[in-house]
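Q: Residue numbers (this note's numbering): -10 to 134.
Here's what the structure looks like:
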C-alpha cells in the first residue's frame, strides 16, 4: 500500500472521520487508504469520488461507473466495532462469503464487520474491494462475481 494518505476533498467527510473515537478512526482511515490504493491499482476503476451517503464515508466510481458504492462506518452497537458496507442488492457479499467465509464476519448481504482488536486479512479485503470497484465492469463482460 502506498505510504501517502489521500487528502480529503470534502470537508464534511473529513469532519466525520474527526468525530470517530481514536481507535475506530485509525482503523477506518486504514480502510479508506486501502480503498484508494486498490482503486489506483485496479484497471478500469479510475478516480474515486469520496462523499457522505447516509452520514457514512462513501466511495463511488462516478467517472467510470465501473463499480458499486463502498461505505465505511463505526458500528452504532459497539464502541470498538466498524464495518465496510456494500450495496445490498448486489451479489457481492454472497460472493465474499463463499470465498472468504472463514476470514470475515458478515452481516446479512450488506457488510463485513470488524473490531479494533482484529488483525485484518488485508489481501482478502483488497480482493473484496477490487471486486466491488469493478462490479459493473464484470457484470457487463459476463465475468460474474
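From the three backbone atoms N, C-alpha and C, an ideal C-beta is built for every residue, glycine too.
In chain order, what residues of the same chain lie with their CB nearer than 6 Å to the CB of residue 51, ignoring the 5 residues before and after it?
A: Residue 51 sits at position 62 when you count from the first residue of the chain shown. Once the five neighbours on either side are set aside, the close Cβ partners of residue 51 are 38.
Q: Which of helix, strand or coil does DSSP assign to residue -9?
A: In the chain shown, the residue the question calls residue -9 occupies position 2. Because the pLDDT of residue -9 is 46, which lies under 50, any placement of that residue in the model is unreliable, and the number read from its coordinates should be weighed accordingly. DSSP places residue -9 in coil when its eight states are reduced to three.
Q: Kindly identify the DSSP beta-bridge partner or partners of residue 63.
A: Taking the chain shown and counting its residues from 1, the one referred to as residue 63 is at position 74. 71, per the DSSP bridge assignment.
Q: Tell me residue 95's beta-bridge partners as DSSP assigns them.
A: Walking along the chain shown from the start, residue 95 turns up at place 106. Answer is 101, bridged to residue 95.
Q: On the CB-based measure, 16 or more other CB atoms within 10 Å of its CB, does residue 28 come out buried or exposed?
A: The residue given as residue 28 occupies position 39 in the chain shown. Result: buried.
Q: When you compare each of 112, 15 and 62 to residue 100 by their alpha carbons, which one comes out closest?
A: On the chain shown, residue 100 is found 111 positions in, with the first residue counted as 1. Among 112, 15 and 62, the Cα nearest to that of residue 100 belongs to 62.
Q: Measure the alpha-carbon distance for residue -8 versus residue 75 and round it to whole angstroms.
A: Here residue -8 refers to the residue found at position 3 of the chain shown. Here residue 75 refers to the residue found at position 86 of the chain shown. Because residue -8 sits at a pLDDT of 45, beneath the cut-off of 50, its placement in the model cannot be relied upon, and the point is left open.
Q: Identify whether residue 42 lies in helix, strand or coil by the three-state DSSP scheme.
A: Position 53 of the chain shown, counted from the start, is the residue given in the question as residue 42. Strand.
Q: Helix, strand or coil: how does DSSP classify residue 124 here?
A: Working through the chain shown from its first residue, we reach residue 124 at position 135. Three-state DSSP puts residue 124 in a helix.
Q: For the alpha helix (DSSP H) containing residue 27, list its first residue and its last residue.
A: For the purposes of this step, residue 27 is taken as the residue at position 38 of the chain shown. Residues 11 to 30.
Q: From the DSSP output, read off the bridge partner residues of residue 49.
A: Within the chain shown, the letter at position 60 stands for residue 49. Answer is 38, bridged to residue 49.
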